[in-house]
Each structure stands twice: as C-alpha cells, then as structure tokens.
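Colleague: For the sequence shown, counting from 1, position 85 maps to 243 in my numbering; every step adds exactly one.
Got a structure here, written out as structure tokens. Questions coming.
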Amino acid sequence: MNENTILIWGAGAIGGTLGAYFARAGEDVLLVDIVEPHVEAMNREGLSIEGPVETFRQSVRAALPSEVKGEFKRIILAVKAHHTREAVRALKPHLAADGTVLSAQNGLNEIAIAEEVGAERTVGCFVNFGADWLEPGRILFGNRAAVAVGALDGKATDAVRDYHRLLSIFEPKAVLTDNIWGYLWGKLGYGSLLFATALTNASMSENLASERHFPVYRRLGQEVMAVAKARGVKPLGFNGFNPDAFMPGADEDAARRSVADMAEFNRHTAKTHSGIWRDLAVRKRKTEVDAQIAIIATLGQESGVPTPAIRKLVGLIHDIEDGRREQSWSTLDEMLTL
Ligand SMILES: NC(=O)C1=CN([C@@H]2O[C@H](COP(=O)(O)OP(=O)(O)OC[C@H]3O[C@@H](n4cnc5c(N)ncnc54)[C@H](OP(=O)(O)O)[C@@H]3O)[C@@H](O)[C@H]2O)C=CC1
Ligand SMILES: CC(C)(CO)C(=O)C(=O)O
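Structural data, given as structure tokens:
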C-alpha cells in the first residue's frame, strides 16, 4: 500500500461494486468499511459481484477505518449521505495534502465534503447504476446506468481526469462533465420520484407507471427543478429523466413521457426497488431523506421557491421510518391530497 492506493470509503453496494471492478483491472485498491463481518468476508473470500450484468468474485484488500495507516491521494466516498460528515472526518487524516475525495453518492454531499477538506480537494461525481449489498462479501449489480465526474468549478484537473479514467474502467460510457452540479440536481429530481416510489411496496417501474400518481411525480419533479433553476443550476437528464419536462411552463405531455421513460428504464434491472425502499423494508433503518430531500426544501426557502410536495414526502418517509405508517399505496395516495 502506498499513497497511490485508491481508498474506497464505504464498501457497500456502490463502493464495493466500483472497488471490485477497479481491483479486477489491476488497480491498487483498499476497501474501507465499518461493518466488521463484511471486511472479514472480503479479506477472506474476496468480493462477490452478482447479477445480470456480470458475475465474478474478486480478491480484494479490506480494512476497518481504525486499521487504515498512511496518507492517500485518491479517496472515493460511498457512504449514505447522512454518514458523510462523520466519514469525512475519519478519512481526513488519511488524505494527502495534494489528495482529493470523490463523492460516489446521491445528494449534494460535495458541499459538506468541501467544508471539511476544502473545495480544491473535493471532486464531484454522479452515479445512477443499481446495486444492493446482500450480505457480507456479496453485492448484487442490478444494472448499468449513467455515471459522470467533474470538477466542482467545471475546470477538469489531472486528478479529475484520472477519476474519469478509473470510472471508465467500470462504466465505459462514463462522462467527464463541466457541469457536475447539473447531474447532481438532475439526480435530485429523479431521486425525489424514487423516494415517492418507496412509499409503497411495489417496484419502481410499477409505481412510475401508475397513471393515478402521475400528478405526484410531476409535482415533485417541478419543485426540484424550480429550486435548481432559482440557484442558477442547469440540470441535466439521463436514463429517462428529462429535466426540461419539469421546468416551469413545460407541458404535461413532456412530463408524462419522461415518467414513462423512467418506468421503462427501471423495468430492466435486477434491482427492482430503490435503495430507499430497501432501507425501509429490508434493512429497517433510516433513509437519506433529510440529507438528500429535505435539503431541497431548505434551499427552496432560501430562494423563495415553495416546496409543499417535497415537505409532504419528507414527512411521509419519516412516518414510515418511525413506524407511524406502512409502505402502501394508501401512503402514496396521501401525496395526492396536496
Ligand atoms: N445502491 C444503489 O443502487 C445506489 C446508491 N447510490 C448512492 O450511493 C451512496 C452509497 O449507497 P449504497 O452503496 O447503496 O449504501 P450501502 O449501505 O450499501 O453502503 C455503504 C457502506 O458504508 C458503510 N459506512 C457507513 N458509515 C461509514 C463510515 N463512517 N466509514 C466507513 N464506512 C461506513 C455502511 O455501513 P452501515 O450499513 O453499517 O451503515 C455500508 O457498509 C448513497 O448516497 C446512495 O444513495 C447512488 C446510486 C445507486
Ligand atoms: C434506483 C437507483 C439505483 C437509481 O436508479 C438509486 O439511486 C437508488 O436506489 O437510490
């Protein structure tokens, strides 16, 4: 291990998948995670990537955060959004002065990372592929999807280009962008719809195909895009999500097409339900709703953009997290009462 070893901090569904692909390509990788049985299984048997995209077992090195020694130039952060600050504080002593942290997460985590380690040491990234941590040492890689990487100020450095090279090992269509905030806000739009699908136990595609709930999806997309616009961001589209269809003044048919395209995209994955649904229904734990979705309402308020649908969604997810409601169509119906 040396300063060029790539640290993957948070080796679950996303971090584990990326790490296995990098290691298979001969990159020097260390997977860091707080789940002891997972770290033990990875060191003992390697990491098993399973599912329709590819199935392989990759020998990897793994460690608990307390076992990490030294400083590193590249650290890829892939913990859930609400664990970002804690994880960045733990990894900071291991970040070389000229090193960078790449956020392979959902949400606007780059803001918190930059506050902790400096904007010049933070690189933006957007991932939309589907994966699930199944059990120690086993990850389902459900489907390929869009991946993008870019500097926070849009000006690619050698470090950003190197991350693009790495991500291209995993996803040959990975984009090097000068508008990473556009992708991150696009994913917040897409993600707000995914959070709504987690209010039921149906699959993402079944939910998105529900004609009765189309007004819910349109309203959520519209609120997120209005906040992005007010903040001067130009959101970008991917995998069915078309930000223009949700912009103020866009016609209903455009939004209908985009929601239908998202339903179609998600019909072809072995990861039938979102990570949000999985946190609630399978892992029985808190979701990323505050770090990822409630922040949109806060930023909306700062910009004078009302976000009643986003606020309602956050409340319903909290209700499920705290056992006050079940995941069911009637919970999603609550979103129709706005
Ligand atoms: N899974 C997916 O398909 C997609 C996920 N994303 C995003 O990627 C990010 C990662 O999600 P995902 O991979 O699914 O999550 P996982 O829960 O599968 O993996 C995160 C791993 O990080 C561990 N962890 C938590 N805190 C720390 C810490 N301080 N230091 C080291 N490890 C830690 C977790 O342990 P523990 O379980 O105990 O918390 C877990 O093992 C999220 O922002 C998610 O929204 C984006 C696109 C798709
Ligand atoms: C569904 C997916 C993989 C995006 O397509 C996702 O981001 C999630 O599960 O949170």
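Quick reminder that beta carbons are idealized off the backbone N, C-alpha and C, glycines included.
Only a predicted model underlies this, so the values are computations on that prediction, with no experimental measurement involved.
Among Asp316, Ala178, Ala262, whose alpha-carbon lies nearest the alpha-carbon of Glu212?
Modeller: It is Ala178 whose Cα lies nearest to the Cα of Glu212.
Colleague: So Val190 packs on Ile166, CB below 8 angstroms; how close in whole Å?
Modeller: Contact flag correct, Cβ pair sits at about 7 angstroms.
Colleague: Exposed or buried, what is Ala467 when buried is set at 16 or more other beta-carbons lying within 10 Å of its beta-carbon?
Modeller: Flag for Ala467 reads buried.
Colleague: Is Gly312 helix, strand or coil when you go by DSSP?
Modeller: If DSSP states are grouped into helix, strand and coil, Gly312 belongs with coil.
Colleague: What I want to know is whether the C-beta of Gly288 ends up closer than 8 angstroms to one or more non-hydrogen atoms of ligand 1.
Modeller: Checking every heavy atom of ligand 1 against the Cβ of Gly288, one is found closer than 8 angstroms.
Colleague: So Leu334 and Leu490 are in contact, right, with Cβ under 8 angstroms, and what is the actual spacing, rounded?
Modeller: Not confirmed; about 38 angstroms, so no contact.
Colleague: For the alpha helix (DSSP H) that Leu349 lies in, which residues bound it at each end?
Modeller: Note that residue 349 is Gly in the sequence shown here, rather than Leu. Start and end: 338-355.
Colleague: Could you compute how far the alpha carbon of Val305 sits from the alpha carbon of Pro464?
Modeller: Answer to the nearest angstrom: the Cα atoms are 30 angstroms apart.
Colleague: Could you name each continuous alpha helix (DSSP H) segment of 4 residues or more that falls completely within the region 431-479, going from the start of the chain to the end?
Modeller: Whole alpha helix (DSSP H) segments, 4+ residues: 433-439, 453-460, 466-479.
Colleague: Give me the Cα-Cα distance between Ile164 and Asn201, rounded to the nearest whole angstrom.
Modeller: Taking the straight line joining both Cα atoms gives about 16 angstroms.
Colleague: Does the beta-carbon of Gly209, which I'm using as the reference point, lie nearer than 8 angstroms to any heavy atom of ligand 2?
Modeller: No, the beta carbon of Gly209 sits no closer than 8 angstroms to any heavy atom of ligand 2.
Colleague: Express the C-alpha separation of Asp186 and Met159 in angstroms, rounding to a whole number.
Modeller: Met159 and Asp186: Cα-Cα distance of roughly 8 angstroms.
Colleague: Does the distance from the C-beta atom of Leu205 to that of Gly288 stay below 9 angstroms?
Modeller: Cβ atoms of Leu205 and Gly288: not closer than 9 angstroms.
Colleague: Let me check you understand the geometry: is the CB of Trp343 closer than 8 angstroms to at least one non-hydrogen atom of ligand 1?
Modeller: No.
Colleague: Where Glu484 and Gly407 are concerned, what is the direct C-alpha to C-alpha distance, given to the nearest angstrom?
Modeller: Going by the C-alpha atoms only, they are around 35 angstroms apart.
Colleague: Leu496: which of Leu378, Leu292, Glu244, Pro195 sits nearest, CA to CA?
Modeller: When each option's Cα is compared against that of Leu496, the closest is Leu378.
Colleague: Just tell me which of Glu364, Phe180, Pro401, Leu188 has its CA closest to the CA of His426.
Modeller: Per the Cα distances, Glu364.
Colleague: Residues in its own chain within less than 7 angstroms of Val391 by CB, not counting five upstream and five downstream?
Modeller: Same-chain partners within the cutoff: Trp339, Gly340, Trp343.
Colleague: With contact counted as at least three CB pairs below 8 angstroms, one residue from each stretch, are the region 241-255 and the region 263-281 in contact?
Modeller: Yes: the two stretches touch, three or more of their Cβ pairs being nearer than 8 angstroms.
Colleague: Going by CA-CA distance only, name the one from Thr456, Ile475, Asn301, Ser368 that's closest to Glu329.
Modeller: Looking at the Cα atoms, Asn301 is the closest of the given residues.
Colleague: Give me whichever residues DSSP pairs with Ile164 in a beta bridge.
Modeller: In DSSP, Ile164 forms a bridge with Val187, Arg232.
Colleague: When the distance is taken between beta carbons, is Phe423 closer than 9 angstroms to Asn400?
Modeller: The answer is no: Cβ separation not under 9 angstroms.
Colleague: Out of Gly276, Thr445, Phe299, Leu298, which has the shortest C-alpha to C-alpha gap to Arg247?
Modeller: Comparing Cα-Cα distances from Arg247 to each of Gly276, Thr445, Phe299, Leu298, the minimum goes to Gly276.
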